[in-house]
Amino acid sequence: MESAEKSLLRFTTTGSVDDGKSTLIGRLLYETKSIYVDQYEAIKKTSKRKGLKDVDLALLLDGLAAEREQGITIDVAHRYFETPRRKFIIADTPGHVQYTRNMVTGASTADCAVILIDARNGVLTQSKRHGFIVSLLQIPHMIVAVNKMDLVDYSKEVYDRIVSEYQAFSDKLDIHDIVFIPVSALKGDNVVEKSANMPWYEGTTLLHYLENVHVSADRNLVDFRFPIQYVVRPHLDFRGFAGKVVSGTIGPGEEIVALPSGKTSAVRSVVTYDGELQEAFAPQSVVLTLRDEIDVSRGDMIVRRNNLPQVSSRFEAIICWMDEKPLSMADTYVLKHTTRTVKAFVSRIIYKIDVDTLHRGQASSFGLNEIGRVEIAAASPIFFDPYKLNHGTGGFILIDPLTNQTVGAGLIRGVSKTLEEVIEGEKKDEVQQRRSPHAVWSGWNIPREVREDRNGHQAAVLWLTGYSGSGKSTIARRLERVLFDAGCQSMLLDGDTVRHGLCGDLGFSAKDRTENIRRAGEVAKLFFEAGKIVICTFISPFAEDRAFVRSLFPSGRFFEIFVKCDLDVCKRRDPNGLYGKAMVGEIKEFTGISSPYEEPQHPECVVETDLHSVEDIVGALLRQLEKDGIIERIYLS
Amino acid sequence: MRGPGPTSVVRSAEMPSYSLSYLKQLESESMYIMREVAAEFKNPVMLYSVGKDSSVMVRIAQKAFHPAKIPFPLMHVDTGFKFPEMYAFRDGFCRDIDVTLIVERNEEWIAKGCHPLKMGVDKCCSYLKTGALLEALNKHGFDAAIGGARREEEKSRAKERVFSLRDRFGQWDPKNQRPELWDLYNTRINEGESVRVFPLSNWTEQDIWQYIKIEKIPIVPIYFALEREVIRRQGILIPVSSCSLVEDSNQLKTDEEKIETVSCRFRSLGCIPCTGAIPSRASVIDDIIGEVRAAKKSERENRVIDLTSDSSMEQKKKEGYF
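From first to last, the protein sequence lines are chains L and D. Going by the numbering used here, the first sequence opens with residue 1, and the numbers climb by one from there. Going by the numbering used here, the second sequence opens with residue 1, and the numbers climb by one from there.
Written as structure tokens, this is what we have:
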């Protein structure tokens, strides 16, 4: 794979002193051949001088003279390595009590966190603290590497005990995805190669997980947020707003509103050095020009008219204090949020969190490395989303205007007046608990490509979404028949069918709908890997659920087909009499009546069943599949 | 047929995959950093060393401010010991892309004949590079200097922030760095302090070459291999044409040493006395990329400057060098 096409994973590593973190990273670098001979020779020399028998890979990482003298890590360091699949940026952070601020710093940009636990010591207070910070900073994926397994005779019992103890703790946290891997960084077990010493462990190696963890779905591509960084004005006829798309997407012609002025306009063009774009998305840096001359400058934010962030000068946030000088409610700070800088003070301390017990207590101040919840009052409003939904518009820093030091990091929870106390300890959802932690991923026996060769067409997933009665099933049935008759391998997954069997235990609440779609997506994935063209008809009203399904497939193989039909027409069609029941309240949470439908923003196809015939639509879909290289031309009889 | 034609039945979308390659992500991050500098500092400058990283940095600056010109000058701190090809390239390149170029030299020490063999590598660097840089920053009153250093290059750089605070003497205090969270850079400084900004912090040598290839960025020709007459010394190849600069003329030992003709290139560009060539047949970018991928040694292997002690780079950085 060309380097330019690889994906990127940023991860952070942390552990207590002597957990072997440096050795682990050294091992990753060494085994991915990211260590140069001259660097290796240098540490070999040093190892010898220190009287060590083996080359100490950890020496690769101890950067500063002070650290080498004391044999510790005192600051965040960044490391780089790559494999044929991915590029990796490691933010390597020390795990000492006094360096919580560094871990928060390293964690702020991470897609994944690797926490080390020494198998001999078990779960320490610090291991819990690290997990807490992972949940606080909402790092989407977390790996607990139980290290030094060689020193506990590769004992399954020791490992299981640590896993269950840590799991009991992490269940209290808001962690989305956690895996446990028993390793020996020193000997190399389960780091890159599967260990022969732990046949009882059936999961993946650390590197395999890092290479395969899916992170692009963690991005927020829904809420368009564009904080203006810089106004580009080369001459009187051009006025462009430079910035980075923090989240969401935008293209020419879309209507926007500028905050805080509230002035509206539309995007004229998305300008880049490499030409204008039809669409920009996070995290691209671009220049936007607008149709109207409205007054906007650095610190303002451009958003869509129908999707606004919260605007307030009073809000609640979790603060991590990072300065020797404690937080004082009497002091004024400089708050930097997106590209906007405002004066602010802490108007109320709601509670302080004891990081070790997770208990909340009263406090009048925070000292270095202390964490708690506060209310902030800013001199002028900022435009934000809760950190949980949008890291780019939910995080801020506090600067002491006297010393200019960065003294605090903040994670916005919401507007202070309307927000009730969020019940802490939102447990991991049920899906998580049902997950089998020891399931082995061993790859497919016969690769999809081989099956596709034999079938004479590519595998693909056609996901038809739309209201009940919009015509999804009618189109799907006709389309599959045509494909089948033309000799294609196909399968039809119908929402109703699936609910009779696989999803018979699910109802129609938002949560159950999400699970229903998740299962359907996974089943589609199995058929897809079997080389089939899978046609799925699901109302699938929530964009997030559809995005999840999309994330399961390679790009170019998933076709989101929006079956568009006026709701009144659907109601009139009402093939199963469901609308009638829903309207009289017999069916609760019915899409279009008592439950929302989020229209696809960027479907591959939109078909309008109230305007076109089934044959026309099927014909057009076939042409689309042909154009995208899934099938050869098929003629409708 | 009823209704509109088939093409309008399906609103075919050139489906954006919304995936941004690794290099494009790095590029976007670097553009963002440069815009922060331009927006938040009064008098920024970009340090231009004529090397490959500088070339990439300038291209990203062009992208960051397009269609406007780069809103800050470039400054080359010249030791007088650079390769002739570098001077020629520098002047042509800066003319072509229409930027303001400032060249600063420590004339006093150059006139005194400052040379690594006479003064030692550390001292020579200290006067001609660090001293000249600090003086130039002072003279122009620059409050932010954008540099092309990468964290992957050297172990002390791995510990440095993107926005690296320097005191009034240009010194870096590794133990007193500001936490850097998300992409929220603290750009506030006190009177007399300045900031070094490293937009390429997260790039590797491999990334730099890939980007040069994709973007067709011009670079100094001595990065490419050519048959050159060289003397081999401690595994480093010194071109004969540079010998007069490498040695004191009265110490020339060329008659004792064998002059060989070797196909070689320069992996990184520094001062002639401290930069050797490496044997190579890489005559086009793809060859270099292959070479870097297979490289067994780090790119500063041919720099005499880093080899003096375990923490030589850290020491220099503390004094104000990059």
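Note that the Cβ used here is the ideal one computed from N, Cα and C, for glycine as well. Model, not experiment: these values are computed from the prediction.
Going by Cα to Cα distance, which pick from the options is closest to residue i?
i	options	result
L/Gly469	L/Ser285, L/Pro199 and L/Leu567	L/Leu567
L/Ile117	L/Arg557, L/Met103, L/Lys148 and L/Thr393	L/Lys148
L/Arg268	L/Leu358, L/Ser364, L/Gly275 and L/Leu288	L/Leu288
L/Gln489	L/Cys503, L/Ile630 and L/Ile139	L/Ile630
L/Lys352	L/Ala377, L/Trp321, L/Asp111 and L/Ala378	L/Trp321
L/Tyr467	L/Val407, L/Pro447, L/Ala363 and L/Val569	L/Val569
D/Gln177	D/Asp183, D/Glu191 and D/Val195	D/Val195
D/Arg161	D/Ala149, D/Gly170 and D/Arg168	D/Ala149
L/Pro260	L/Asp295, L/Gly248 and L/Asp218	L/Asp295
D/Ser280	D/Gly113, D/Ile272, D/Phe72 and D/Phe266	D/Phe266
L/Pro541	L/Asp385, L/Leu57, L/Ser594 and L/Ile535	L/Ser594
D/Phe169	D/Glu180, D/Glu29 and D/Gly192	D/Gly192
D/Arg293	L/Gln310, L/Ala379, L/Ser22 and L/Thr83	L/Thr83
L/Gly592	L/Glu604, L/Leu578 and L/Pro603	L/Leu578
L/Ile90	L/Ala344, L/Arg101 and L/Ile115	L/Ile115
D/Met75	D/Glu104, D/Lys82 and D/Ile33	D/Glu104
L/Phe528	L/Gln458, L/Ala486 and L/Leu502	L/Gln458
L/Phe238	D/His66, D/Leu47 and D/Lys42	D/His66
D/Ile288	D/Ser242, D/Asp207, D/Val240 and D/Leu117	D/Asp207
How close, in whole Å, do the beta carbons of residue i and residue j come, if the pair is a contact with beta carbons under 8 Å?
i	j	result
D/Arg59	D/Glu291	At roughly 22 Å, the Cβ-Cβ gap does not stay under 8 Å, so D/Arg59 and D/Glu291 are not in contact.
L/Leu358	L/Asn220	So it is not a contact: roughly 27 Å between Cβ atoms.
L/Val303	L/Arg225	6 Å
L/Ile412	L/Arg373	In fact, because the Cβ distance is near 11 Å, the residues do not count as touching under 8 Å.
L/Phe315	L/Gly414	7 Å
L/Cys565	L/Glu608	7 Å
L/Val183	L/Leu207	Between L/Leu207 and L/Val183 the Cβ distance is about 10 Å, and since that is not below 8 Å, they are no contact.
L/Val334	L/Ile382	In fact, because the Cβ distance is near 13 Å, the residues do not count as touching under 8 Å.
L/Ile228	L/Ser297	7 Å
L/Tyr462	L/Phe559	The residue asked about is misnamed: residue 462 of chain L is Leu in this sequence, not Tyr. The Cβ separation is near 5 Å, so the contact holds.
According to DSSP, which residues form a beta bridge with residue i?
i	result
L/His141	L/Cys112
D/Ile339	Absent from the model: residue 339 of chain D. The displayed extent of chain D is 1 to 322, so no value can be given.
D/Pro279	D/Cys264
L/Ile399	L/Val334 and L/Thr406
L/Ala377	L/Arg314 and L/Phe345
L/Ile382	L/Ser312
L/Arg623	Paired residue(s): none; L/Arg623 is not in a bridge.
L/Cys536	L/Trp463 and L/Leu493
L/Met301	L/Pro227 and L/Leu259
L/Val146	L/Ile117 and L/Pro182
Check for me: the alpha helix (DSSP H) holding residue i runs from which residue to which?
i	result
D/Cys125	Val121 to Cys125
D/Tyr32	Tyr22 to Glu40
L/Gly495	Gly495 to His500
D/Val284	Where D/Val284 is concerned, there is no enclosing alpha helix (DSSP H), given that its DSSP letter is neither H nor E.
L/Tyr597	Unbroken run through L/Tyr597: none, as it is neither H nor E.
L/Ile43	Val37 to Arg49
What are the boundary residues of the beta strand (DSSP E) that includes residue i?
i	result
D/Trp209	Element bounds for D/Trp209: not the beta strand (DSSP E) but the alpha helix (DSSP H), Glu205 to Glu215.
L/Arg86	Arg86 to Asp92
L/His78	Ala77 to Glu82
L/Thr652	Residue 652 of chain L cannot be examined here, being either before or after the span of chain L that is shown, 1 to 637.
D/Met46	Pro44 to Leu47
L/Thr514	No beta strand (DSSP E) contains L/Thr514, which is instead part of the alpha helix (DSSP H) from Ala510 to Glu529.
D/Ser164	Phe163 to Arg166
L/Cys503	Careful: L/Cys503 lies outside any beta strand (DSSP E) and carries neither H nor E.
L/Glu157	Run containing L/Glu157: none in the beta strand (DSSP E); it sits in the alpha helix (DSSP H), Lys156 to Ser170.
L/Phe180	Ile178 to Pro182
D/Ile60	Per DSSP, D/Ile60 belongs to no beta strand (DSSP E); it is in the alpha helix (DSSP H), Lys52 to Phe65.
L/Ile561	Phe558 to Lys564
L/Val607	Cys605 to Glu608
Please indicate yes or no: does the CB of residue i lie closer than 7 Å to some heavy atom of the ligand NAP?
i	result
L/Glu293	Among the components modelled here there is no ligand, and therefore nothing to report on the ligand NAP.
Subject >> In chain order, each beta strand (DSSP E) run of at least 3 residues that lies wholly inside the stretch 210-290 of chain L >> reply: 225-232, 240-244, 255-259, 264-271 and 285-290
**OP:** Kindly provide the ranges of any alpha helix (DSSP H) runs that are 4 or more residues long and lie completely inside the stretch 170-209 of chain D, ordered along the chain.
**Re:** none
**OP:** Note down, one range per segment and in chain order, each beta strand (DSSP E) of at least 3 residues found wholly within the stretch 304-352 of chain L.
**Re:** 310-321 and 333-337
**OP:** For the stretch 67-146 of chain D, list the beta strand (DSSP E) runs that are entirely contained and at least 3 residues long, ordered along the chain.
**Re:** 74-78, 101-105 and 144-146
Original post:
Residue ranges of each beta strand (DSSP E) run of no fewer than 3 residues wholly in the stretch 7-31 of chain L, ordered along the chain?
Top reply: 7-15
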